[in-house]
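Before any comments, here is the structure.
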Amino acid sequence: MEREIIISPIGGIPSSVTVPVRKAVAQNFGLPARIVPLLQHIDFAYSPHRQQHHSTPILDKLAALLPHPGCRILAITERDLYIPILTHVYGEAQLKGTAAIISLYRLSDSNPPSLVQESGLTTQRSLKEALHELGHTLGLKHCPDSSCLMHYCRKMSDVDHKTDRFCRYCRVWLQDALEEDRLSLG
Ligand SMILES: [Zn+2]
Ligand SMILES: [Zn+2]
């Protein structure tokens, strides 16, 4: 079974974000990665009360859109995301699942995020959050090392502080998870 990761921009996500994210995903997971818009909008997840989008139903929808069982999907939106217990999230993923999403809303330098061009800083943050959320889909949990990609970030300064790499422990977990994933798909 061929495995791949699909980067799925929702709406007009600039290529200054999608292209570097695709490249970093392919490099870090050692899998082919393609940019394919699978979901046109996320209006179904909008909460008029919170004026934000609830990320969990978006993950369910994305998982149902998988083109084949060897795929994982990372969606990118410019809308603000939340889960009920938190004021906002930079992203969410199905733990040991297939779908993940990140939001540029708070990662972006400009608010609302620019549809034309994003700065290097926005791209760098997006890339870290993309790798973090995809790490969760492979079963990786949060890491106490504040410089590791799997560190849980509450504030933007936490995101900026961490590196764009998995620490050596998380790297071992990741290699094992990728191997287990490969075997399970046959
Ligand atoms: Zn996390
Ligand atoms: Zn780590």
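Take the sequence shown: its letters are residues 101 to 286, numbered as in my numbering.
Note that beta-carbon positions come from the ideal geometry of N, C-alpha and C, so glycine has one too.
How about the segment 266-276 and the segment 102-122: do they share at least three Cβ pairs that are nearer than 8 Å? Too few Cβ pairs lie closer than 8 Å, so no.
Pop quiz: Thr263 and Ser284 are said to be a contact at Cβ under 8 Å. What is the actual Cβ separation, rounded to whole angstroms? Position 163 of the sequence shown, counting from 1, holds the residue named residue 263. Position 184 of the sequence shown, counting from 1, holds the residue named residue 284. Actually they are not in contact, since the Cβ atoms of Thr263 and Ser284 sit about 30 Å apart, beyond 8 Å.
Of the residues Val259, Leu162 and Lys241, which one's Cα is nearest the Cα of Ala277? Position 177 of the sequence shown, counted from the first residue, corresponds to residue 277. With distances taken between CA atoms, Ala277 lies nearest to Lys241 out of Val259, Leu162 and Lys241.
Using CA coordinates, which residue listed in Glu178, Leu181 and Leu162 is at the minimum distance from Arg172? Here the question's residue 172 lines up with position 72 in the sequence shown. Here the closest residue by C-alpha is Leu162.
With distances taken Cα to Cα, identify the nearest neighbour of Arg134 among Gly111, Leu174, Thr156 and Leu159. If you number the sequence shown from 1, residue 134 lands on position 34. For the set Gly111, Leu174, Thr156 and Leu159, the Cα lying nearest the Cα of Arg134 is the one of Leu174.
Residue from Ala193, Pro167 and Pro114 with nearest C-alpha to Asp88: Any property of residue 88 remains undetermined from this structure, which presents the chain solely from 101 to 286.
Hey, quick one: how far does the beta strand (DSSP E) through Val126 stretch, first residue to last? On the sequence shown, residue 126 is found 26 positions in, with the first residue counted as 1. Correcting the residue type first, residue 126 is Ala in the shown sequence and not Val. First-last for Ala126: Ser115 to Phe129, but that is the alpha helix (DSSP H), not the beta strand (DSSP E).
Tell me which residues share the same chain as Pro109 and place their Cβ nearer than 6 Å to its Cβ, disregarding the 5 neighbours each side in the sequence. If you number the sequence shown from 1, residue 109 lands on position 9. Non-local C-beta neighbours of Pro109 in its own chain, meaning closer than 6 Å and more than five positions away in sequence, comprise Thr118, Pro137 and Ile176, ordered along the chain.
Go through the segment 169-228 residue by residue and report every complete run of the beta strand (DSSP E) that reaches 3 residues or more, in order. Whole beta strand (DSSP E) segments, 3+ residues: 171-177, 191-193 and 199-203.
Got a sec: does ligand 1 put a non-hydrogen atom nearer than 8 Å to the Cβ of Tyr205? As a first step, residue 205 is located in the sequence shown; it is residue number 105 there, counting from the start. Not under cutoff, so the answer is no.
Proximity test, Asp245 beta-carbon vs ligand 2 heavy atom, cut-off 8 Å: Residue mapping note: residue 245 aligns to position 145 of the sequence shown, counting from 1. With a cut-off of 8 Å, the C-beta of Asp245 is classified as near ligand 2, since at least one heavy atom of the ligand falls inside that distance.
Consult DSSP for Tyr269 and reduce its assignment to one of helix, strand or coil. By one-based count along the sequence shown, residue 269 stands at place 169. DSSP, reduced to helix, strand and coil, places Tyr269 within a helical segment of the structure shown.
Should Met250 be listed as close to ligand 1, given that the test is whether its C-beta is under 8 Å from any heavy atom? Locating residue 250 in the sequence shown gives position 150, where the first residue counts as 1. Yes.
On a CA-only basis, which of Arg206, Gly130, Ser115 and Ser257 is nearest Leu231? Give me that one, please. Translated into the one-based positions of the sequence shown, residue 231 becomes position 131. Closest by alpha carbon: Gly130.
Quick check: Ile142 and His153, are their CB atoms within less than 9 Å of each other? The residue you call residue 142 lines up with position 42 of the sequence shown. The residue you call residue 153 lines up with position 53 of the sequence shown. The answer is yes: Cβ separation under 9 Å.
Which residues in the same chain have their Cβ closer than 6 Å to the Cβ of Tyr252, if we skip the five residues on either side of it in sequence? Position 152 of the sequence shown, counted from the first residue, corresponds to residue 252. Within the same chain, Cβ atoms closer than 6 Å to the Cβ of Tyr252 are found at His242, the five residues on either side in sequence being excluded.
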